[in-house]
């Protein structure tokens, strides 16, 4: 089964009908029936943080979406650990000349560790590190 990494971009666009990528992501999602998805606690944290300033109904819907993701048999959530933090921090330090977020660095390190090369994002930072972004 094909495995893809899921970035915050994808979860936000999938959930948020006002996102400019929403329809594109919805349509792309129809092709993911036989795909195994991997994401991290940090990505889900970033997803919830994105909606932190929204109204309480939207925040509750975001919480429900995360709970759905957590219970989806086709999504593996890599837990946040001190080791994943340190691995991300090391890449963050090595790429001080870039504008990578720590969450992206943790995602990149996780992808390398798991041998995942494709990611559901349009973030060019992943391309700079040799990954294939699936949205342009």
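In the UniProt record's numbering, the protein residues as written are 1 to 136.
Here a beta-carbon is modelled for each residue, glycine too, at the ideal position from N, C-alpha and C.
{"Check": "Starting from residue 43, follow its DSSP beta bridges and name the residues at the other end.", "Outcome": "Answer is none; residue 43 lacks a bridge partner."}
{"Check": "Please name the residue in 114, 104, 115, 113 whose C-alpha comes closest to that of residue 126.", "Outcome": "104"}
{"Check": "How many whole angstroms separate the CB atoms of residue 25 and residue 33, which I take to be in contact at a CB cut-off of 8 Å?", "Outcome": "Contact doesn't hold; Cβ gap of about 15 Å is too wide."}
{"Check": "I'd like to know whether the C-beta atoms of residue 66 and residue 44 end up nearer to each other than 8 Å.", "Outcome": "yes"}
{"Check": "Per DSSP, which residues does residue 36 bridge with? Please list them.", "Outcome": "3"}
{"Check": "Taking the Cβ atom as the reference point for each residue, do residue 7 and residue 123 lie within a distance shorter than 8 Å?", "Outcome": "yes"}
{"Check": "Using only CA atoms, which one of 41, 16, 37, 51 lies nearest to residue 117?", "Outcome": "37"}
{"Check": "Please report the Cβ distance between residue 106 and residue 84, rounded to the nearest whole angstrom; I am assuming they are in contact, meaning their Cβ atoms lie under 8 Å.", "Outcome": "6 Å"}
{"Check": "Going by Cα to Cα distance, which pick from 61, 115, 121 is closest to residue 3?", "Outcome": "115"}
{"Check": "In the DSSP assignment, the beta strand (DSSP E) including residue 120 goes from what residue to what residue?", "Outcome": "118-120"}
{"Check": "Does residue 130 pass the burial test, meaning 16 or more other C-beta atoms within 10 Å, or should it be called exposed?", "Outcome": "exposed"}
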